[in-house]
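Following: one structure in structure tokens, then a few remarks.
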Amino acid sequence: MDVLTVVIFLPLVAAGLLALPRIGDRGAVAVWIAAAAVDLLLTVVMWHGYRGGIGYETRARWIPALGAGYHVGVDGLSLPLVAMTALLFLACALYSARRTTRARPYAALFLGLQTVCTGLFAALDLLLFFVFFDLSIAGMYFVIAGWGHGDRYRSALRFFLYTFLGSLALLLGFIGLYLGGGGRTFDMVDLTREPPFAEASGTAGLVLLAVGIGLAIKTPTVPFHTWLPPAHTDAPAAGSAILAGVMLKMGVYGLARIAMPMLPGAWQRGAWVFVLVGVVGVLYGALVALAQENVKRLVAYTSVNHMGYVVLALGAAGLVAGDTHARQLAVSGAVVQMVSHGLVTGALFLLTGVLWDRAHDYDLGRFGGIAGVAPVLTGLTAVAAFASLGLPGLSGFIAEFQIFAGVVGTGVPGAAVAGAVSVLGILVTAALMLRMLHRAFLGAPGELTPLVSDVRPRELVAVAPLLVLSAVIGVAPHWLLAFVEPAAAALVSLVSR
Amino acid sequence: MRDDPLDLLPELFVLFGAVLGLLALTVSPKGGARWVAWLCALGLTGCLVTAVVAAFSPGGTVFGSYVLDPLTNVVRGVAALATLPCLVLARGVLARGGGLRPEAHVLMSLAALGTVTLAGAGDLLVLVAAYLLASVPGYALAGLSGDAPGTEAALKYYLVGAFLGVLTLTGVTLLYGLAGTSAYPGLGGALRAVPQAAVVCALVALFAGVMFKAGGVPGHFWVPDVTEGAPAAVAAFVTTVPKLGAFAALLRMAEEFLTSSAADWRLLLALVSVATMTLGNLAAFRQTNVRRLLAYSTISQAGYLLLPVVAVPAPLARPALLFYLGAYAVTNLGAFAVVVATGRDTLDGYPGLSGRSPALACALAVCLLGFAGTPPTAVFLGKVMAFTAVWQGGYAWLAVVAALNTVASLFYYLRWIVPVFRPAPSPGGDVPVRSAALTAYAAATASLVLGVAGGVVLPP
Numbered sequence: 181m182d183v184l185t186v187v188i189f190l191p192l193v194a195a196g197l198l199a200l201p202r203i204g205d206r207g208a209v210a211v212w213i214a215a216a217a218v219d220l221l222l223t224v225v226m227w228h229g230y231r232g233g234i235g236y237e238t239r240a241r242w243i244p245a246l247g248a249g250y251h252v253g254v255d256g257l258s259l260p261l262v263a264m265t266a267l268l269f270l271a272c273a274l275y276s277a278r279r280t281t282r283a284r285p286y287a288a289l290f291l292g293l294q295t296v297c298t299g300l301f302a303a304l305d306l307l308l309f310f311v312f313f314d315l316s317i318a319g320m321y322f323v324i325a326g327w328g329h330g331d332r333y334r335s336a337l338r339f340f341l342y343t344f345l346g347s348l349a350l351l352l353g354f355i356g357l358y359l360g361g362g363g364r365t366f367d368m369v370d371l372t373r374e375p376p377f378a379e380a381s382g383t384a385g386l387v388l389l390a391v392g393i394g395l396a397i398k399t400p401t402v403p404f405h406t407w408l409p410p411a412h413t414d415a416p417a418a419g420s421a422i423l424a425g426v427m428l429k430m431g432v433y434g435l436a437r438i439a440m441p442m443l444p445g446a447w448q449r450g451a452w453v454f455v456l457v458g459v460v461g462v463l464y465g466a467l468v469a470l471a472q473e474n475v476k477r478l479v480a481y482t483s484v485n486h487m488g489y490v491v492l493a494l495g496a497a498g499l500v501a502g503d504t505h506a507r508q509l510a511v512s513g514a515v516v517q518m519v520s521h522g523l524v525t526g527a528l529f530l531l532t533g534v535l536w537d538r539a540h541d542y543d544l545g546r547f548g549g550i551a552g553v554a555p556v557l558t559g560l561t562a563v564a565a566f567a568s569l570g571l572p573g574l575s576g577f578i579a580e581f582q583i584f585a586g587v588v589g590t591g592v593p594g595a596a597v598a599g600a601v602s603v604l605g606i607l608v609t610a611a612l613m614l615r616m617l618h619r620a621f622l623g624a625p626g627e628l629t630p631l632v633s634d635v636r637p638r639e640l641v642a643v644a645p646l647l648v649l650s651a652v653i654g655v656a657p658h659w660l661l662a663f664v665e666p667a668a669a670a671l672v673s674l675v676s677r
Numbered sequence: 318m319r320d321d322p323l324d325l326l327p328e329l330f331v332l333f334g335a336v337l338g339l340l341a342l343t344v345s346p347k348g349g350a351r352w353v354a355w356l357c358a359l360g361l362t363g364c365l366v367t368a369v370v371a372a373f374s375p376g377g378t379v380f381g382s383y384v385l386d387p388l389t390n391v392v393r394g395v396a397a398l399a400t401l402p403c404l405v406l407a408r409g410v411l412a413r414g415g416g417l418r419p420e421a422h423v424l425m426s427l428a429a430l431g432t433v434t435l436a437g438a439g440d441l442l443v444l445v446a447a448y449l450l451a452s453v454p455g456y457a458l459a460g461l462s463g464d465a466p467g468t469e470a471a472l473k474y475y476l477v478g479a480f481l482g483v484l485t486l487t488g489v490t491l492l493y494g495l496a497g498t499s500a501y502p503g504l505g506g507a508l509r510a511v512p513q514a515a516v517v518c519a520l521v522a523l524f525a526g527v528m529f530k531a532g533g534v535p536g537h538f539w540v541p542d543v544t545e546g547a548p549a550a551v552a553a554f555v556t557t558v559p560k561l562g563a564f565a566a567l568l569r570m571a572e573e574f575l576t577s578s579a580a581d582w583r584l585l586l587a588l589v590s591v592a593t594m595t596l597g598n599l600a601a602f603r604q605t606n607v608r609r610l611l612a613y614s615t616i617s618q619a620g621y622l623l624l625p626v627v628a629v630p631a632p633l634a635r636p637a638l639l640f641y642l643g644a645y646a647v648t649n650l651g652a653f654a655v656v657v658a659t660g661r662d663t664l665d666g667y668p669g670l671s672g673r674s675p676a677l678a679c680a681l682a683v684c685l686l687g688f689a690g691t692p693p694t695a696v697f698l699g700k701v702m703a704f705t706a707v708w709q710g711g712y713a714w715l716a717v718v719a720a721l722n723t724v725a726s727l728f729y730y731l732r733w734i735v736p737v738f739r740p741a742p743s744p745g746g747d748v749p750v751r752s753a754a755l756t757a758y759a760a761a762t763a764s765l766v767l768g769v770a771g772g773v774v775l776p777p
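So the protein lines, in turn, are chains V and A. For the first sequence, this note's numbering gives the first residue as 181, with consecutive numbering after it. For the second sequence, this note's numbering gives the first residue as 318, with consecutive numbering after it.
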């Protein structure tokens, strides 16, 4: 058994341990933290042992009748996401270490979700990918409905129904890919080697539409994003962090892993659609976030904005008329953005969770001057906000700079316009982040400010590593780019076929 | 021609089990009641074992009208496996004093025998006989409790069944008149030269009875009433086991003679499928009685089960249908077992179940999410294969309609799951019936195992 399989299923085994009758709530949390820590450790070991190509590959028969196998492996596209997943889940485990009601099922759900998320990024078989994709939805539904607040049942139901619709569109798309490839295999590597629908371009377009809608709902891109704000607002902090930090990546990762290399022709024809959807997401997400009074909704809408950059970059990668090197740069930026957004938005959601924990409110207008009572919390939030708006020296800058340079650098006039318009998104993001800091953390104390106490050690231990890593990526990104750039180059050559 | 009665050993086991049970009840009504379930279970186990043995021996047609092939053998095995938990549930209902009589075991065995015969029928006349054998014990089962809802359910069941049975008989007569034979292989050749309109008329009539057994439109009217009015164990049985035979019979007809007829039977069944799944789902939305909810859910599932039949002769049609049937049986029995175990028939009875009995709540969640097609459950795999098969068969639009229906169905399954995990308004409640709870755990586990390791039972 390969180490990757252990990394995927170790949390699930730990979740199984929690079913033992003797373990109380404290024991459950201990198991949770231990499993997440071991998983992160193994991921670091994997990172050091990775030698290019598809690493840690396991390929076993699963459902021969359908040509589906248990095929997992990591490359420069997925390994950073696997590592980010492990880190974020450990952060959530530390963050939730106390003050969680019914900790045992909560820990079991998160451990299960960790298996599902890691498995999705490692999956190299469409059916396996889909199993993890769908399970992530069901697991998060129970997290929101069971431990959320506000109108949680309604939000959870809307989240489940909406993303389930997306997952079935995705399933139809996968069946289309399977039949388009001759009905022999669901294997991603095989389907990438010989892309389905070499002749039937009309069908390929429809299949890309199905896959695209399925992944766009999950990402989410405008106009499929309406499930996101209520789900985020009513989820517990750790749930929001996982939902935004890890699960939103499943959509864009799917585009890069499945749609682009398997339907290169259709992607090239539809590239402008993705560019347009990306630009609209960037601007719409930023502008709507600017108008929010609820700090958690604000962070949720910045996710729509950030995922817009990724979709824009992936769309630009399909503009075969453009410069190859620039397109590689755009894809590389997209991958870094996925990692960066996971770290930064995960941290932001955990920090808003601190506010809710103290004051049970998210209303910007009722806070103010938090800097006076909680300097560390303010400092952390400021760093996260600056990382989110793309300040140089933090990871968001590396990602967004590459994306803009790549999109504009393609030399295609339309892409240059799209890139220029998207830069406006950064301006708006900067404005809204500064507005949030200004209203909630600076100025005169608000009515809820006395309730806010500074971060507790466990909260600091959970959030600080995420921001430190963001800063490390921002200052010295070469160790990450060394993984991402070869994968980006490979993806661009695949989509240019 | 092969005329060896030993080839029918699985069927004979079920028959002898039922007859011996009936004799025991006649000889000594008090003492027999204790033995009848065991005798029937023994017969069904014998059927299961001999079916496994038969699966490894050469197939063929016996008595010129009964086909021994993987289809028959799978239905033999699955029907026996699905009826056994129904016997357990019946004991659970008896333990609650829920107005069931020991004869239920015998009737279930006989109806299971009818189902197996439906699957094996290779001649329209055998099909009619099997239809009656599968139906008549069902009518009696529905009314066995003797109370008002049960009587009404039985009457409705009987009237719909009798009416649609007559239609089927008309269809059989027409086909015989058109083709000059009632055996499937002969029909295949003869229907080629027959006017299409006449064949369509005959097929519409023929499908009526099959849809009654399958619980699909237009033969679905009895399902909600019987499921609500009859004892829960009977409801579990009549919504699970007869479906096996009906769909197997439909698949056999499709493979053997429908494909070579000029009539557009695929479009006909595709429309029936759309009507069935949509109607089942829409009607399930507003139900507050969990049994009626499950009833409409079984109707919508019948719609999905038609997908592989429409896909014939796609290579995946047969494995898809058989796997989906097994998956459906496991999931449906699991859900009904929870109803028997809790003894609660309305959604109001379920808040706080996760606190009282976490395992039962998880089993229910697995079964209901399984119905919605969430991986890694058995129905998920069945759905993937059914969608793939029907796309392969040239009906991609039907897969799209089925996918949309699946999303819609999630809504009412969640209406049941959500209260289960909510805190109870008032603590306390009945202790679950142990045998039924164990059945539910077993079904949920089987659903997960089939979903994860389904590749083992599927032909490569």
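Built from N, CA and C at the ideal position, the CB exists for glycine as well. Computed from a predicted structure; not experimentally measured.
Across the segment 582 to 595 of chain A and the segment 662 to 670 of chain A, are there enough close Cβ pairs to call them in contact, namely three or more that are closer than 8 Å? Touching, no.
I'd like to know if A245/V contacts chain A, where contact means its C-beta is closer than 9 Å to some C-beta of that chain. Chain A contact via Cβ: present.
Which complete alpha helix (DSSP H) runs does the segment 496 to 559 of chain A hold, if anything under 4 residues is left out? Listed in chain order, the complete alpha helix (DSSP H) runs (minimum 4 residues) inside the segment 496 to 559 of chain A are 501 to 507, 513 to 531, 539 to 546.
Could you round the C-beta distance between Y456/A and G482/A to whole angstroms and report it? I think they count as a contact, below 8 Å. A Cβ-Cβ separation of about 11 Å leaves Y456/A out of contact with G482/A under the 8 Å criterion.
Taking D314/V as the query, report the chain A residues whose CB atoms sit under 7 Å from its CB, ordered along the chain. What D314/V touches in chain A: T691, P692.
When the Cβ atoms of the segment 298 to 309 of chain V are set against those of the segment 240 to 249 of chain V, are three or more pairs found closer than 8 Å? Contact between the segment 298 to 309 of chain V and the segment 240 to 249 of chain V is present: three or more C-beta pairs spanning the two stretches fall below 8 Å.
Specify whether the segment 278 to 298 of chain V and the segment 326 to 344 of chain A touch according to this definition: at least 3 beta carbon pairs, one from each stretch, less than 8 Å apart. Taking 8 Å as the limit for Cβ pairs, the verdict is that the segment 326 to 344 of chain A does not touch the segment 278 to 298 of chain V.
Using Cβ-Cβ distances below 7 Å, what residues of the segment 707 to 720 of chain A are close to chain V? Correct list: W708, Q709, A716, V717, A720.
Give a yes or no on whether the minimum CB-CB distance between I355/V and chain A is below 9 Å. Interface residue, yes.
Indicate the three-state DSSP secondary structure (helix, strand or coil) for I203/V in the structure shown. The answer is coil: DSSP assigns I203/V none of H, G, I, E or B.
For a cutoff of 9 Å on Cβ pairs, would you count F340/V as touching chain A? Yes, F340/V lies at the interface with chain A (some Cβ there is under 9 Å from its Cβ).
Going by DSSP, name the residue or residues bridged to L385/A. Among the bridge pairs identified by DSSP, L385/A is matched with G377/A.
9 Å Cβ cutoff met for Q508/V and E580/V: When the beta-carbon positions are compared, Q508/V and E580/V stay at least 9 Å from each other.
Check whether the segment 530 to 538 of chain V and the segment 472 to 488 of chain V touch, using three or more Cβ-Cβ pairs below 8 Å as the test. Contact between the segment 530 to 538 of chain V and the segment 472 to 488 of chain V is present, because at least three Cβ pairs lie under 8 Å.
Anything in chain A within Cβ reach of A325/V, meaning under 8 Å, just list it in chain order. Chain A residues near A325/V: V735, F738.
Check whether the segment 568 to 576 of chain A and the segment 498 to 511 of chain A touch, using three or more Cβ-Cβ pairs below 8 Å as the test. Yes: at least three Cβ pairs fall under 8 Å.
On a Cα-Cα basis, can you pick out the residue from G623/V, A564/V, A567/V that is closest to G545/V? Of the candidates G623/V, A564/V, A567/V, the one whose C-alpha sits nearest the C-alpha of G545/V is G623/V.
Distance, P444/V Cα to R677/V Cα: So the alpha carbons of these two residues sit roughly 6 Å apart.
Check G362/V in the structure and name its three-state DSSP category. In this structure, G362/V counts as coil in the three-state DSSP scheme.
Spatial neighbours of A539/V in its chain, beta-carbon cut-off 7 Å, leaving aside the 5 residues before and after: The beta carbon of A539/V is closer than 7 Å to those of L628, L631, V632 in its chain, skipping five residues each way along the sequence.
Minimum C-alpha distance to R673/A - residue among P625/A, M702/A, V737/A: Among P625/A, M702/A, V737/A, the Cα nearest to that of R673/A is on V737/A.
At a CB distance below 7 Å, what residues from the segment 748 to 772 of chain A approach chain V? Give them in sequence order. Residues are counted here when their Cβ sits less than 7 Å from a Cβ of chain V; for the segment 748 to 772 of chain A these are G771, G772, given in chain order.
Y667/A in three-state terms, based on DSSP: Reduced to three states, the DSSP call for Y667/A is coil.
Three or more beta-carbon pairs under 8 Å between the segment 425 to 436 of chain V and the segment 356 to 370 of chain V, yes or no? The answer is no - the segment 356 to 370 of chain V does not touch the segment 425 to 436 of chain V, with fewer than three Cβ pairs under 8 Å.
Contacts of P776/A in chain V (Cβ-Cβ under 8 Å): Those are A245, listed as they occur along chain V.
At 4 residues or longer, and completely inside the segment 459 to 521 of chain V: list those alpha helix (DSSP H) runs for me, N to C. Counting whole runs of 4 or more residues, the segment 459 to 521 of chain V contains the alpha helix (DSSP H) stretches 475 to 497.
Jot down the residue ranges of each uninterrupted alpha helix (DSSP H) in the segment 731 to 776 of chain A, minimum 4 residues, whole runs only, in chain order. Fully enclosed alpha helix (DSSP H) runs of 4 or longer: 751 to 769.
Tell me, please, whether the CB atom of F290/V is closer than 9 Å to any CB atom in chain A? So, not an interface residue.
Counting only beta-carbon atoms, is F697/A nearer than 9 Å to chain V? It does: the Cβ of F697/A has a partner Cβ on chain V nearer than 9 Å.
Please classify G233/V as buried or exposed, where buried requires at least 16 other C-beta atoms within 10 Å of its C-beta. Burial is judged here by how many other beta carbons sit within 10 angstroms of a residue's own beta carbon; G233/V has fewer than 16 and is exposed.
Just verifying my parser: in three-state terms, what is the DSSP assignment at R615/V? In this structure, DSSP gives R615/V a helical state, which the three-state scheme calls helix.
So that I know if they touch, is there some Cβ in chain A lying closer than 9 Å to that of W242/V? At a cut-off of 9 Å between C-beta atoms, W242/V counts as an interface residue with respect to chain A.
Count the other CB atoms, across all protein chains shown, that sit within 10 Å of the CB of D782/A; report buried if there are 16 or more and exposed otherwise. Since the first residue of chain A shown is 318 and the last is 777, residue 782/A is not available in this structure.
Within-9 Å CB hit, L352/V to chain A: Under the 9 Å criterion on CB atoms, L352/V is classed as interfacial with respect to chain A.
How would you list, in chain order, the residues of chain A whose beta-carbon sits under 7 Å from the beta-carbon of F344/V? The contacting residues are V724, L727.
Looking at chain V, which residues of the segment 634 to 648 of chain A have a Cβ within less than 8 Å of any of its Cβ atoms? Here the close residues are P636.
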